[in-house]
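Numbering-wise (my numbering), the sequence shown opens with residue 4 and increments by one.
Heads up, the beta-carbon is just placed ideally off N, CA and C, and yes, glycines get one too.
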Amino acid sequence: MDDNNILVQGLCKRFDGFMLKDVSFCVPKGRIVGFIGENGAGKSTTINLILNELKKDAGEVTVFGRDHTDPTIKNEIGVVFDACNFHEVFTVKDVERVLSGVYPTWDNALFQEYLERFQLPYRRTIKSFSKGMKMKLSIVCALAHHPRLLILDEATAGLDPVVRDEILDLLLDFLQDEEHSVFFSSHITSDIQKVADYVVLIHQGQIVFEEEKDTLLDRYGILRCGRSTVLEPKDYIVRRETGVSVEYLVCDRAAAGKKYPKAVADAASLEDIMLFYIKGDASCEE
């Protein structure tokens with residue numbers, strides 16, 4: 004039995020001035036996978052390829068163990084982008100009527116339950132909604148047809164911390180069913196750090212790493228030292244220079260701290276790790 008709800012292998016797509024190259028990763032059942040990277044790194048392109056909204060040049064994508072071009076797959080996926088795609092003259096009632104005709108598994112009772120939970124007015128037009136209310140509505144609509152997989156592309160961007168926290172809690176509720184998965188693309192690394200089980204970093208169209216979040220946070224670290232302390236290339240992943248010191252990203256901060264006692268070994272957040280990979284100079288042993 005396939006333990007992954009998404010499996011991407013060797014995915015490639017070429018555009019003028021940009022190429023998604025040999026992208027591979029998986030989204031296991033019962034897990035939230037955070038997809039991070041700078042703007043333009045290839046996150047949205049990868050998602051659109053998974054959803055078959057773009058045609059791939061090479062590689063394989065399977066969803067629920069089936070080829071991603073299978074038209075029945077979309078009935079089992081809830082998708083939320085960074086903007087509400089419903090016409091602003093619609094009321095929530097109009098949205099319900101439309102989507103109940105689109106999805107054979109649409110659940111009106113569940114939809115009403117979510118509306119009540121998020122205090123979304125049934126008869127007001129979407130035009131009158133705040134950005135946070137629009138995003139809540141998008142997520143409610145994505146959940147109301149009982150998907151097995153949620154794909155979110157910058158769904159928490161621009162939202163205040165309270166709304167973001169409500170949405171993250173909803174994702175954790177969704178994972179109570181161990182057949183479900185979430186693929187969550189965001190540049191807000193604190194959101195990913197809060198809920199993700201695995202993290203995939205993409206940079207300039209290529210996957211940098213696919214790693215368990217707890218491993219990243221427990222083991223990775225930043226060594227800060229004066230210019231007189233020079234780490235061996237095998238002992239660090241990426242380095243960067245500040246005005247007065249040198250900082251190294253290491254994959255085992257405890258071991259590195261012992262080997263270089265004059266350096267200060269600090270824990271690294273996901274944002275630290277991402278910025279080091281994007282802005283730092285790679286070890287010459289890579």
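Applying the 10 Å Cβ sphere with the 16-neighbour rule, what's the burial state of Cys156?
On the sequence shown, position 153 is the one that residue 156 refers to. Reading off the sequence, residue 156 comes out as Asp, not Cys. Label assigned to Asp156: buried.
In the DSSP assignment, the alpha helix (DSSP H) including Ala258 goes from what residue to what residue?
The sequence position of residue 258 within the sequence shown is 255, counting from 1. Element bounds for Ala258: 256 to 262.
What are the start and end residues of the beta strand (DSSP E) that includes Ile39?
On the sequence shown, position 36 is the one that residue 39 refers to. Its beta strand (DSSP E) spans residues 35 to 39.
With respect to the beta strand (DSSP E) encompassing Ala270, which residues constitute its N-terminal and C-terminal limits?
The residue labelled residue 270 in the question sits at position 267 within the sequence shown. Its beta strand (DSSP E) spans residues 267 to 270.
Specify, as a first and last residue, the run of the beta strand (DSSP E) that Tyr125 falls within.
The sequence position of residue 125 within the sequence shown is 122, counting from 1. Premise fails: Tyr125 is in no beta strand (DSSP E) and is neither H nor E.
DSSP three-state call for Asp6: helix, strand or coil?
For the purposes of this step, residue 6 is identified with residue 3 of the sequence shown, where counting begins at 1. Asp6 falls in the coil class under three-state DSSP.
In or out: Asp5 buried (at least 16 other Cβ within 10 Å) or exposed?
Within the sequence shown, numbered from 1, the residue matching residue 5 stands at position 2. With fewer than 16 Cβ atoms within 10 Å of its Cβ, Asp5 is classed as exposed.
Between Gln209, Gly208, Leu204, which has its C-alpha nearest Glu215's C-alpha?
As a first step, residue 215 must be located in the sequence shown, where it is residue number 212. Ranking the options by Cα distance to Glu215, first place goes to Leu204.
Sequence-distant residues of its chain with Cβ nearer than 7 Å to Ile76 (five each side left out)
Residue mapping note: residue 76 aligns to position 73 of the sequence shown, counting from 1. Within the same chain, Ile76 has close Cβ partners Val66, Phe67, Arg69.
Span of the alpha helix (DSSP H) holding Leu152?
Position 149 of the sequence shown, counting from 1, holds the residue named residue 152. Looking at the DSSP string, Leu152 is not in any alpha helix (DSSP H); the run it does join, the beta strand (DSSP E), is 152 to 156.
Mind reading off the beta-carbon distance from Gly13 to Gly62? Whole number of angstroms is fine, and I expect it under 8 Å.
On the sequence shown, position 10 is the one that residue 13 refers to. On the sequence shown, position 59 is the one that residue 62 refers to. 4 Å between Cβ atoms; contact.
When the Cα atoms are used, what is the spatial distance from Lys16 to Phe186?
Indexing the sequence shown from 1 puts residue 16 at position 13. Indexing the sequence shown from 1 puts residue 186 at position 183. Cα-Cα distance, rounded: 20 Å.
According to the Cβ coordinates, are Asp275 and Ala259 closer than 8 Å?
Taking the first residue of the sequence shown as position 1, residue 275 is located at position 272. Taking the first residue of the sequence shown as position 1, residue 259 is located at position 256. Contact: no.
Quick check on the DSSP output: what are the complete beta strand (DSSP E) runs of length 3 or more inside the segment 39 to 111, in order along the chain?
61 to 66, 80 to 83
For Asp275, does the three-state DSSP call read helix, strand or coil?
For the purposes of this step, residue 275 is identified with residue 272 of the sequence shown, where counting begins at 1. Reduced to three states, the DSSP call for Asp275 is helix.
Using a threshold of 8 Å, state whether the C-beta atoms of Ser103 and Leu152 are closer than that.
Working through the sequence shown from its first residue, we reach residue 103 at position 100. Working through the sequence shown from its first residue, we reach residue 152 at position 149. No, they are not a contact pair.
Pick from Val36, Lys282, Cys29, Ala270 that is closest to Asp200, judged by C-alpha positions:
Taking the sequence shown and counting its residues from 1, one reaches residue 200 at position 197. When each option's Cα is compared against that of Asp200, the closest is Val36.
Give the single residue among Gly161, Asp110, Trp109, Thr48 whose Cα lies nearest to the Cα of Cys87.
For this step, residue 87 is matched to residue 84 along the sequence shown. For Cys87, the nearest C-alpha among the options comes from Gly161.
Return the first residue and the last residue of the beta strand (DSSP E) that Leu204 is part of.
Position 201 of the sequence shown, counted from the start, is the residue given in the question as residue 204. Residues 201 to 206.
Return the bridge partner residues of Gln196 from the DSSP annotation.
Here the question's residue 196 lines up with position 193 in the sequence shown. The partner list for Gln196 (beta bridge, DSSP) is empty, contrary to what the question assumes.
Given this structure, state the Cα-to-Cα distance separating Leu273 from Cys228, to the nearest angstrom.
The residue given as residue 273 occupies position 270 in the sequence shown. The residue given as residue 228 occupies position 225 in the sequence shown. When rounded, the distance between both Cα atoms is 21 Å.
Could you round the C-beta distance between Val198 and Leu219 to whole angstroms and report it? I think they count as a contact, below 8 Å.
Taking the sequence shown and counting its residues from 1, one reaches residue 198 at position 195. Taking the sequence shown and counting its residues from 1, one reaches residue 219 at position 216. Not confirmed; about 14 Å, so no contact.
Helix, strand or coil for Val166 per DSSP?
Translated into the one-based positions of the sequence shown, residue 166 becomes position 163. Correct three-state label for Val166: helix.
Can you tell me whether DSSP reads Gly224 as helix, strand or coil?
Residue 224 sits at position 221 when you count from the first residue of the sequence shown. DSSP places Gly224 in strand when its eight states are reduced to three.
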